[in-house]
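Peer 1: Using UniProt numbering, you'd call the opening residue of the sequence shown number 1 and step up by one each time.
For glycine and all other residues, C-beta sits at the position ideal for the given N, C-alpha and C.
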Amino acid sequence: MRSAASQTLPTRPSEQELKNALSNSLAGHNHVSNSSRPAQSRAKTPTDTFDCSSLHHHGDNRDKCDIAEGPWNLNNPVKASRSHQELHKELLLAHKKWDRGLVVCCKPELQMVLERRKREQTQREEGEQSKSPLEQVLQERQSKHQEMMKEKEEEQRLHEEVQLLEFVRVRQNLRKVHTALQKNLHS
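Put into structure tokens, the structure is as follows:
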């Protein structure tokens, strides 16, 4: 049986190693330094603060920044891939838009179309109600003018059809006469 002292447990990485690994993974580098704690030999400066706001996804946990809660598997090739990062950004933006009420994609398309039509109808009705008497008179005149133009076009079309029908009847009569003359000449 092995003793507990002979087994070595993995040690928690230092703050600087976490910071370096995080910056490397965000920059697209998938490697982690194999040297044994190079950050320990360097003196800590005031600019070496660790920003863990990106590690916590919930707003309540951002103030409770603890290095022990940091990511342990920073060299995940899936999370480090550019496409995964872009997808993650897109999902975060969509989530932010959803929180602000900018995205309305949860309703079925038919319901959205019906709501849009209803909204347009109410806008038209409001537009008609807010017209002045002069605008109403002008609109009535315009509609009468359009009706008269439609009637004229209809009459003209009917007249052209009548003329065309008359032309066709005359032509058919001429054919009959012509075929009768041809038969008489050949007999």
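Tell me the DSSP secondary structure of LEU174 in three-state form.
Peer 2: For the purposes of this step, residue 174 is identified with residue 174 of the sequence shown, where counting begins at 1. LEU174: helix per DSSP, three-state reduction.
Peer 1: Check SER143 in the structure and name its three-state DSSP category.
Peer 2: Position 143 of the sequence shown, counted from the first residue, corresponds to residue 143. Three-state DSSP puts SER143 in a helix.
Peer 1: Terminal residues of the continuous alpha helix (DSSP H) containing ARG119?
Peer 2: For this step, residue 119 is matched to residue 119 along the sequence shown. ARG119 -> alpha helix (DSSP H) spans 109-129.
Peer 1: Helix, strand or coil, according to DSSP, for PRO77 in the structure here?
Peer 2: Position 77 of the sequence shown holds residue 77. Helix at PRO77.
Peer 1: Count the other C-beta atoms from every protein chain shown that fall within 10 angstroms of the C-beta of LEU110, then say buried if there are 16 or more, exposed otherwise.
Peer 2: By 1-based counting over the sequence shown, the position of residue 110 is 110. Label assigned to LEU110: exposed.
Peer 1: For residue 219, collect the residues of the same chain with a Cβ closer than 8 Å to its Cβ; drop the 5 residues on either side in sequence, then sort them by chain order.
Peer 2: In the structure displayed, the chain extends from 1 to 187; residue 219 sits before or after that span and is not available.
Peer 1: CA-CA distance, LYS89 and ARG119?
Peer 2: Reading the sequence shown from its first residue, position 89 is the one you call residue 89. Reading the sequence shown from its first residue, position 119 is the one you call residue 119. Roughly 34 Å between the two C-alpha positions.
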